[in-house]
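Report on the following structure.
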Amino acid sequence: MGGREGLVDTAVRTQQSGYMQRRLINALEHLRLEYDGTVRDSSGDIIQFKYGEDGVDPAKSDHGKAVNVTRLVKQLKIAMKKGKPASADYIKKRLKEVKDELTPLLIKELKNCLTKEKLNKKGVEKAIELTVKHYKRAQMEPGEAVGIVAAQSIGEPGTQMTLRTFHYAGVREQNVTLGLPRLIEIVDARRIPSTPIMTIYLTGKYKKSREAATKVARKIIYTSMEDLAEAIYEDPIHEEIIVELSKTMMEDRGVTKGELKEILQKSDYTARIRGNRIHVGSKKIKVLKKLLNKISSLYIKGVPGIKRVLITEEKGEWVIRTDGSNLSKVLEIPEVDTSRTTTNNVHEIAKTLGVEAARNALINEAMGVLEEQGLDVDIRHVMLVADIMTSTGEVQQIGRHGVSGKKSSVLARAAFEITVPNIVEASVKGEKDPLEGVTENVIVGQSIPIGTGLVELYMSTSKLKREKK
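Numbering (the numbering used here), first residue to last: 226 to 694.
Quick look at the structure:
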């Protein structure tokens, strides 16, 4: 049975990943690195101010780093003659001189390594000189088709992923969507993920003990009357609804009978407690069936949308993981650490914390899926996808309803999907196509404005005429 499932899985997922890669390439194909170091689309709109935030070519980098500073300094230490170690002030002064040529992260790493390895002044000079040289050599070339490279770098592992998804049914007693289906969800920018999950961090004493964390979890989990009852039924003689309470559920959710009575009375119901039962009546609603439905779904406490909570210990602190998500309401709870609490629902993050937070969430989610599957994709590729998805100020999907459908070129839109309606609409509006992207130039048989095609050469004809004479 497992073998057959594997074959079907492979067949189905291959077409899914193929379509995902086609959409990615179509959305990113016109992105290129300009001579000023920015990444722009065919209209000249800036997508990234610096490619991958440091301008480094992933193909030339050392596992994502432009320069392996630790190795470089250690090699110099072996090669150089021993001498008096350079002072911290000297290192600081020399690094200040090259701060415009290197990234702040690289300078920090270089400073730590040089201080630790105690090189002499000549060694420090050489280390800084080599770092600058390697960093400049690792830069991305202008004209590079960064979009297509990013799309292929994410699309190709998608095909690998297909074969490895079904091993991860549940992680830590929790239902989680992983692998290709989750990656497609991220790229699609789905409004609601198939398994919304929150990771809630706590403050102060609440993160230190399980009991305190459980108290907060009880506040968070959504509780209605039917969650606390063993049975709810009608009593036609007294025209009441009888709720038989479950003692274990009451303890588990931290609710008392007195609190229930108070909630019922606040909601304009009459409530009498008899042992383990609550007799509920209403002056307004005379139809018992209606009353039964109202009482069953009556809100008692918690955050709407949070179906389950799971308290786990991570890195020496207690963390609450939930099934279901409601970021804005959870952040209102005082015991919650608002700076670290997160959800896998990108739209919720965009609505609550803004588009920059949503962009970071897209990067973290996509990298998380790829790493969990054991695939090494450079973060710069994922950053570019996240940046184009959020470049308009809201989260857009990669597809005809998002990035691809909003292209300025008529021919590019028509070549992707829904061809005839696109051309008809453009004809009615009288749109012009400036032929600045990739697809539209291929259609008309011109060279594409990427790589060597980015260079425009102007020649002075008058000078040529003079030379001929």
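We treat Cβ as the ideally placed atom computed from N, Cα and C, and that holds for glycine.
Note that the coordinates shown come from a computational prediction; the quantities given were computed from them, not determined experimentally.
Check your understanding: How big is the Cα-Cα spacing for Ile675 and Lys632?
Key -> 17 Å
Point to revise | Beta-carbon proximity check, Gly262 vs Thr677, cutoff 9 Å | key: no
Practice item. Inspect the beta-carbon positions of Ser616 and Arg248 and report whether they are closer than 9 Å. Key: no
Check your understanding: Exposed or buried, Arg319, counting other C-beta atoms within 10 Å across all chains shown (16 or more means buried)?
Key -> buried
**Study point:** C-alpha gap between Val594 and Leu470, whole angstroms
**Key:** 42 Å
Point to revise | Nearest-angstrom Cα separation, counted from Ile373 out to Val667 | key: 15 Å
Check your understanding: Can you list, in chain order, the residues of its chain whose CB lies under 6 Å from that of Glu656, leaving out five sequence neighbours each side?
Key -> Val635
Review point. Which of the three DSSP states, helix, strand or coil, is assigned to Pro310?
Key: strand
Review point. In three-state terms, what does DSSP make of Ala414?
Key: coil
Point to revise | C-beta contact flag for Ile531 and Met423 at 9 Å | key: yes
**Study point:** Local conformation of Val371 per DSSP, three classes
**Key:** helix
Review point. Is the Cβ of Leu516 closer than 9 Å to any Cβ of chain B?
Key: The structure shown contains no chain B; it holds only a single protein chain.
Practice item. Assign Leu587 to one of three DSSP states: helix, strand, or coil. Key: helix
Point to revise | Proximal residues to Gln273 (C-beta, below 8 Å), its chain only, five neighbours per side dropped | key: Thr263, Val264, Met608, Leu609 and Asp612
Check your understanding: Which full runs of the alpha helix (DSSP H) of 4+ residues lie inside the stretch 622-666, going along the chain?
Key -> 635-641 and 644-654
Check your understanding: Distance, Cα to Cα, Ala639 vs Gly228?
Key -> 41 Å
Review point. Going by DSSP, which residues form a beta bridge with Leu427?
Key: Val561
Practice item. Ignore the nearest five residues each way along the sequence and tell me which others in Arg502's own chain have a CB closer than 6 Å to its CB. Key: Ile467 and Glu469
Check your understanding: Can you tell me the Cα-Cα spacing of Glu476 and Leu339, whole angstroms?
Key -> 59 Å
Check your understanding: Under 9 Å between the Cβ atoms of Gly308 and Lys346?
Key -> yes
Check your understanding: Relative to the alpha-carbon of Tyr447, which residue among Lys333, Lys526, Lys317 and Gln246 has its alpha-carbon at the smallest distance?
Key -> Lys526
Point to revise | Where Val518 falls: helix, strand or coil (DSSP) | key: Contrary to the premise, residue 518 reads as Asn rather than Val in this sequence. Helix at Asn518.
**Study point:** beta strand (DSSP E) segment containing Glu255, residue limits
**Key:** Here the sequence assigns His to residue 255, which means Glu is not the residue at that position. Segment: none, His255 is in no beta strand (DSSP E) and carries neither H nor E.
Practice item. Whole angstroms is fine: what's the gap from Met245's alpha carbon to Val412's? Key: 8 Å
Exercise for review: Report the rounded CA-to-CA distance for Val680 versus Ala284, giving the unit in angstroms.
Suggested key: 23 Å
Review point. How is the alpha helix (DSSP H) around Val323 delimited, first residue to last?
Key: Element bounds for Val323: n/a, residue is neither H nor E.
Exercise for review: Could you pull the start and end residues of the alpha helix (DSSP H) that Gln490 belongs to?
Suggested key: Lys482 to Lys491
Check your understanding: So does the stretch 504-512 actually touch the stretch 546-560, counting three or more Cβ pairs closer than 8 Å?
Key -> no
**Study point:** Met226 (DSSP reduced to helix, strand or coil)
**Key:** coil
Review point. Given Lys432, which residues of its chain have a CB within under 6 Å of its CB, disregarding the five upstream and five downstream residues?
Key: Glu542 and Trp543
Check your understanding: Hey, quick one: how far does the beta strand (DSSP E) through Tyr210 stretch, first residue to last?
Key -> Nothing can be reported for residue 210: it is not among the residues displayed for the chain, which extend from 226 to 694.
Point to revise | Between the CA atoms of Tyr315 and Ile353 - distance to the nearest angstrom | key: 12 Å
Practice item. Drop a sphere of 10 angstroms on the beta-carbon of Asn647, count the other beta-carbons inside from all chains shown, and report buried for 16 or more, exposed for fewer. Key: buried
**Study point:** Proximity winner among Gly662, Ala291 and Ser652, relative to Leu256 (alpha-carbon distances)
**Key:** Gly662
Review point. Does DSSP put Ile379 in a helix, a strand or coil?
Key: helix
Point to revise | Alpha-carbon spacing of Lys358 relative to His606, whole angstroms | key: 24 Å
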